[in-house]
Amino acid sequence: MRFLHAADLHLGQRVTRFGEHVNGRVQEARLEALDRLVAEAKKHAVEFLLIAGDLFDDNRVDAATARRAYKILSEANDRPVYVISGNHDPLTVDSVFCRPPWNQDDARVCVLRSAQPVAIPGGTLFPCPLFAKTSFDDPTRWIPPRTADTAVPQAGGIRIGLAHGSLNDREHLPADDHLIDRWAADEKGLDYLALGHWHGPYRAKDRAGVVRTVYPGVHEPMGFHDHPEFSIGWSAYSNTTRTDLFTDDGRGRVLVVTIERAGAAPVIEEVETGRLQWRDESYMLRNEQDLGKLIQTLATRENQDRQLLRLHLSGVLSASAIAQLDELGGGVGGAGGVLTRFLWHELDRDQLFTSPTDEELQELAGDGVVRAVFDRLKEEEKSTEPATQQLAREALVLLYRFAQEVRR
Amino acid sequence: MRLRAIDIRNWACIKSLSLAGLRDGVSILFGPNGTGKSNLVRALRACLFDLDHSRTSKVLEAARPWRTQAVPQISVEFEQNGATYRITKAFSKSKEGFARLERKDGGEWTVLEQGKEASRKTRELLGVERSEAGAFQMLWLNQGEYRLPSTLDPDLGKALVALLGSLITRRDVEFQERVSEACKTWFTETMKEKKNSPLSQLATRQKQACRDKEEIEQLWTATEEMLNRYNEIQAQQPELAHNLERAKSELEAIQLESQGVRERQKEHEGALKLRDKGQQIVRQLEERLAEIEQASQALAAAEQELEKLRQSAALAHEQRARAEEARSAAQSAVEEAERLLHEHQRARESIDDRQRAVLIRANLHSLEETIRQTDELEKQQAELQAVKEPAVTDQQLRELRDNRRRAAKLAARLEAEEIEVQIQAIKELDVEIASDGEKPKEVRLDAAKGHKWTVRQHAEFKIGELATIRVGRKKEDANLDAAAKELEVLDKSYRAALEAAELGPDDPRALDTLAERVADSANQNKRRDEIRQALLRLAPQGAAALQSQLQQKQNDLEELLTRRPELRDWEGDQAGVDRLKAEFDAEDSKLKSAVQAARLRLRTADSELHAAATEETRIRDGLTRAEAMRQAAQTQLGNHDQSALAAQLQDAQAELAAANERVRATTLTDAEQAIEARLQEAARQVEERDRLLNDNRHQMTALKTKLEGTEGLHQKRIHAEQAVHDLTQQYAREKLYAEAHKHLKELFEQVREEQVGRMVGPINDRVMPWIQRLGLTGYAALQFGEQLLPDGLLPVHSTEAVGIDSESFGTIEQLSLLVRLAVGGLLAAKEPQTAILDDPLGHADFGRIGNMLEIIGETAVGRLDGKHPAGPLQIFILTCHPERFEALADAQRFDLAREIQRGN
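The listed protein sequences correspond, in order, to chains C and D. Under my numbering, think of the first position of the first sequence as 1, with each following residue one higher. Under my numbering, think of the first position of the second sequence as 409, with each following residue one higher.
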């Protein structure tokens, strides 16, 4: 048996921080990654696909997103796609799965709306859909143990669990976060428990030391993984402070799982599906050459249009080097530099200081009032008061600009 | 620099001048106009700075002595940086021209440079390229240069900066302009935030985005609540369904129980029907028996009534017969009375004819009398018409009287005015007299007899051959002639009138006679009118008409007498007729009363007869009705069998009792009756619970519909939040950007003000006390312009500066000179300076001159202690009024008129 396991696709993801165009691109990337997921399923010749909840970011996603997703999944040819609802898209009355096209019975894209065993080639699937954002119930509780297998269609076959919730293997998990028994795979005699909910990849072994309980992680990254505190507007519906559970590792992937027979250890293969790269990079600049090198590096980087870049610069530069920042895109106005080739960028130069030489200063500011103003602003820049410092830095940038204009 | 000696040859009007031993302090170089004072200054400028020896220039051409080929040569000895130098220039392109710079070393002159290099080196030593640059811009004043320069020479600026601090550069000014221009995007001139700046626009957009987001959030929350509500309602549904099922079961149980009760109820209803029927039969029988009783009572009453009516009918019949009799008698009485009255009324015609005869006869008498009177009046009228009409009228009489009154008045006047001429002739003689233009007439005058004449105007007496005597008015009175003429006319008119009246013109009673005649005539007219009136009254249609009337009356009488011959001899009068009439009327009245009485009695009898007949008819009708009633009662009674009915009633009552018993036996118990209520309650419960369940379903459906409508809300929420975030960031960015501009501008202005203060402070501090000494005590400080030179004065109690130009010529010059001296003093603190003032203080009054000279004296000494050290100034004053500067007692003086040897 070979199948594809994905979860937490969060189509229509809530992104509000980069302006309309970039936000649209971020949302679009999740659909592109879904396309790639289907392509990978074909490529790896899986027999079916499992989506372990949170296919959508919310039940109230727009119709276009819902239709696009359905269309893409229905193009997996004759491979059935089994979908359960997660805590972001629970099966409530207003569920996206109750609206067209998701409300139709389709052999290709099957929304499993109840906790009932489903016959699959070579075994049985035990779906555990969610009906609310939060619940104190273990969604896998209903799954009958293997000993009671006589009641299921494919008795003796491979048993696959499909659920969405937090694996109860650590402390400080919210009790209403659909907690799943750490040993559910053992207790229910499952060959593989395909989970969704946590955004990072996670694998848990059974008592025999075999990995059977698996979170695949997201199919497309959802933010700056190094700095999850940088809000892009998205938030988890769980009542948890454990943001780590919902932070991806910067990659987008799905799993291709092969199980030879009931009881055999699953063979799990990671397949990349991610489109966008969320980068947080810091550079220390000592001189003009450092800056030039950085500009060169960024200019020649591949896939700039698929990267969201937060660039943190530190160090002390001369005035001429500061002028070079324009080339980077960090000068006054911030337009036209290398950084603008990226899908989105943010330049943090709070720790980058300018220190023009005397000659530079003489040339730029002369020895009159402008020079005295420059000296004052440099003093203010040293302030411990952030607002004063910020104002002084901004005014300094303006001073450079106006002084250069006057000089010209 | 300090000047020590000047030697000039062939410079303009100066053929030669040699000033040596020039000291520190003040030197006064005086001489009348045209001596060459200004040429001396020009020579200094040319030698020290402005002209190379080999150059040609307008200045040099002007300086070259006229009509000579003499070479201008100037030599200036000066001290600079502790050394003594001498520059000598002979201005010529030929070999005569040269330049030489020497330095005095140990009493000997050493040549340092020659040619152009000498000029350059000198300028370098003195630190400027031109004589109007650096300190010299301030200190070397040409004649009439009483204002401060508009721009500061850069070399002087540099020198001041070196001395006092930094300076505002051109770059600074441009920088400030750029910053100010950029600030206009967000701020007004006074740096207040603009209302429609990009920042405020962003703020507005951000607020709107926040409101939009808030709306979406509210919708989102409402949706969440709806979902919760839906889940709650959904959770209630099983219980509601269960409740309904339970209510339905209960209803079924009660329905079963109620079936037995229904059967008993049916039986009871049957008994009730039977009872009702029995009651009806008994009631009907009882009614019929009551009817029979009623009918027998009615028969007895009818018979009794019938008898009573029969008796009444007999009585009424009798009464009617009597009434008929009475009426017949009354009718006869009326007829008799009417007959008697008719007979009596025939006698009336005879009386009427007698009356007529009396009247006709009376008319005849009257007519005859009238005719007689008429004849009499006509006779009188004829007599009056024979009387003669008077000659004059009343009007004419009045005119005649007026004539006489006027004539008398005129005569009296003429008499009063006339001249009397008396002549006493001694002997008889004839005199021809012509008076008042009349024809001369001859008059014989008797002797010894006096003669008188009256003359109106003049008279001429011609006494024979003796004399002609003229008598008259000295001036004739024309009025007298007019009066005499008028009198003549009046007399003539009077006489004519009298003549017409057949009276003598001299009859003195003529006017009275005429008056009497007029009175008689009036009386006759009056009498004629009376007669006419009387005739009109008696015979309006004339006498003939009267005769005709008389004839008519006579005919009427004859016709009457023919009809009644017995009256022909009847002599009766009106009284007789009246008596006959009275007798007739008395009898007539009596007879008419009798007729009236008889008729009244007949009417009474008529009404009595009618009443009797009516009463009889009424009683007969009553009889008929009573008879009918009796017959009906009899018929009714004849139809019923009373005893059979009584038996039937008894049977019916027995049946009713049995039915009542049955009803009582089948009546439902309380418990049985309550089952209906229970049944209804159970049905109501079912209905209520069904309604609740349905409500629940409807609510679910409604909520579901609403919830299904929230598709896409997620994306809308994202957009709203994104808009808020974007705009907040944009706003923060824009705000920081704007604030940075503002900060830069304000910092620039602050720094600039501080620097200006540092530069101008020392100048202000030196000049202000001097200004006070000049008596200008209303000012607190100088105001400095962009060029660091004062352009105004700040009054003590105001921030509004007063421009220097608004002061008088003299004050402007003095202020300007004070600033120059202050700047010079400051510069001299480092290196002594020379000031040349060509014809200064030309506009100063006596008091001011004194103060200014004191100050000049002080600046010549300098003061190196204090806040702003000032070095000594070597000051040269060129003037044509040396007496003005006598107060400068220590000054070195040169009489240029003596020192200068003038050329042509």
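Even glycine gets a Cβ: it sits at the ideal position worked out from N, Cα and C. Note that this is a predicted model, so its numbers are computed, not measured.
- Query: When you check each C-beta in the segment 1119 to 1143 of chain D against every C-beta of chain C, which residues fall closer than 7 Å?
  - Reply: Of all residues in the segment 1119 to 1143 of chain D, only E1119, G1120, L1121, H1122, Q1123, I1126, E1129, Q1130, H1133, D1134 come within less than 7 Å of chain C when Cβ atoms are compared, listed by chain position.
- Query: Apart from the five residues just before and just after L391 of chain C, which ones in its own chain have a Cβ nearer than 8 Å to its Cβ?
  - Reply: E380.
- Message: Within a Cβ cutoff of 6 Å, which residues of the same chain sit near E850 of chain D, ignoring the five residues on either side of it in sequence?
- Response: Excluding residues within five positions, the ones whose Cβ falls inside 6 Å are D838, E840.
- Message: Check this for me: beta carbons of R494 of chain D and V467 of chain D, under 9 Å apart or not?
- Response: Judged by their CB atoms, R494 of chain D and V467 of chain D are not nearer to each other than the 9 Å cut-off.
- Message: What does the alpha-carbon distance come out to for the pair S539 of chain D and W594 of chain D?
- Response: A straight line joining the alpha-carbon of S539 of chain D with that of W594 of chain D spans about 49 Å.
- H5 of chain C at chain D interface by Cβ criterion, 9 Å: Taking CB atoms only, H5 of chain C has no neighbour in chain D less than 9 Å away.
- Check whether the Cβ atoms of D348 of chain C and L313 of chain C lie closer than 9 Å to each other. In contact: D348 of chain C and L313 of chain C (Cβ atoms closer than 9 Å).
- Message: At 3 residues or longer, what runs of the beta strand (DSSP E) sit wholly inside the segment 1158 to 1204 of chain D?
- Response: Qualifying beta strand (DSSP E) stretches, in chain order: 1187 to 1192, 1198 to 1203.
- Please list the partners that A63 of chain C has in chain D, where partner means a Cβ-to-Cβ separation under 7 Å. Near A63 of chain C (Cβ distances below 7 Å), the residues of chain D are E1119, G1120.
- Message: Here's a check: name, in chain order, each residue in its chain whose Cβ is nearer than 7 Å to the Cβ of C421 of chain D, leaving out the five neighbours to either side.
- Response: Residues G444, N447, R1310, G1311 of the same chain have their beta carbon placed closer than 7 Å to that of C421 of chain D, with the five preceding and five following residues left out of the count.
- Return the first residue and the last residue of the alpha helix (DSSP H) that R182 of chain C is part of. Run containing R182 of chain C: none; DSSP gives neither H nor E here.
- Please determine, among C:S114, C:G157, C:T92, C:C110, the residue with the shortest C-alpha to C-alpha distance to P121 of chain C. The option with the nearest alpha carbon to P121 of chain C is C:G157.
- Message: What does the alpha-carbon distance come out to for the pair L911 of chain D and D889 of chain D?
- Response: Looking at the two C-alpha atoms, the distance is approximately 30 Å.
- Message: If I follow the unbroken alpha helix (DSSP H) through M1260 of chain D, where does it start and stop?
- Response: Taken as a continuous stretch (DSSP letters only), the alpha helix (DSSP H) holding M1260 of chain D covers 1254 to 1269.
- Query: Are the Cβ atoms of M1 of chain C and T213 of chain C separated by less than 9 Å?
  - Reply: Taking C-beta atoms as the reference points, M1 of chain C and T213 of chain C fail to come closer than 9 Å.
- Message: Restricting to Cα atoms, I'd like to know which of C:V83, C:A185, C:N103, C:S282 is closest to L49 of chain C.
- Response: Distance from the Cα of L49 of chain C is smallest, within the candidate group C:V83, C:A185, C:N103, C:S282, for C:V83.
- Query: Where DSSP assigns a beta bridge to R279 of chain C, which residues make up the other side?
  - Reply: According to DSSP, R279 of chain C bridges with C:L309.
- Item | Pair within 9 Å by beta-carbon distance, A765 of chain D and R987 of chain D | Result no, Cβ atoms of A765 of chain D and R987 of chain D do not sit closer than 9 Å.
- From the DSSP output, which residues share a beta bridge with M284 of chain C? Answer by DSSP bridge pairing, in chain order: C:S314.
- Any beta-carbon of chain D closer than 9 Å to the one on R376 of chain C? Answer yes: the Cβ-Cβ gap between R376 of chain C and chain D drops below 9 Å somewhere.
- Query: Would F246 of chain C pass as a contact of W278 of chain C if the rule is Cβ separation under 9 Å?
  - Reply: Not in contact: F246 of chain C and W278 of chain C (Cβ atoms no closer than 9 Å).
- Query: With DSSP run on the structure shown, which of helix, strand or coil describes E828 of chain D?
  - Reply: If DSSP states are grouped into helix, strand and coil, E828 of chain D belongs with the strands.
- Check distances from the C-beta atoms of the segment 222 to 250 of chain C to those of chain D and list, in chain order, the residues that come in under 8 Å. Within the segment 222 to 250 of chain C, the residues whose Cβ lies closer than 8 Å to some Cβ of chain D are G233, listed in chain order.
- Query: Do you know offhand how far K1150 of chain D's Cα is from A395 of chain C's?
  - Reply: The alpha-carbon of K1150 of chain D is positioned some 9 Å away from that of A395 of chain C.
- Query: T357 of chain C by DSSP, collapsed to three states: which one?
  - Reply: Under the three-state reduction of DSSP output, T357 of chain C falls in the coil class, being neither helix nor strand.
- Is any beta-carbon of chain C found at less than 9 Å from that of R1105 of chain D? For R1105 of chain D, no CB of chain C lies under 9 Å from its own CB, so it is not counted at the interface with that chain.
- Item | Helix, strand or coil at F224 of chain C [DSSP, three-state] | Looking at F224 of chain C - three-state DSSP - the assignment turns out to be coil, as it is neither helix nor strand.
- Query: In chain order, what residues of the same chain have a beta carbon less than 6 Å from the beta carbon of D761 of chain D, not counting five sequence neighbours either side?
  - Reply: The residues are R972.
- Alpha carbon to alpha carbon, how far is L635 of chain D from G333 of chain C? Give it in angstroms, no decimals. With a pLDDT of only 48 at G333 of chain C, under 50, the local geometry of the prediction cannot be trusted, and no value is derived from it.
- If you draw a straight line from the alpha carbon of N287 of chain C to that of P356 of chain C, how long is it in whole angstroms? Pairing N287 of chain C with P356 of chain C, the inter-Cα distance amounts to about 12 Å.
- In terms of residues, what are the limits of the alpha helix (DSSP H) holding K685 of chain D? 606 to 754 is the extent of the alpha helix (DSSP H) around K685 of chain D.
- Apply the 10 Å Cβ neighbour rule to Q830 of chain D and answer buried if 16 or more other Cβ atoms are within range, or exposed otherwise. Looking at its Cβ environment, which holds fewer than 16 other Cβ atoms inside 10 Å, Q830 of chain D is exposed.
- Interface residues of chain C facing L680 of chain D [CB-CB closer than 9 Å]: Near L680 of chain D there are no residues of chain C at all, since even the closest Cβ is about 60 Å away, more than 9 Å.
- According to DSSP, residues forming a beta bridge with E1319 of chain D: Coverage of chain D is limited to positions 409 through 1312, which leaves residue 1319 of chain D absent and any answer about it impossible.
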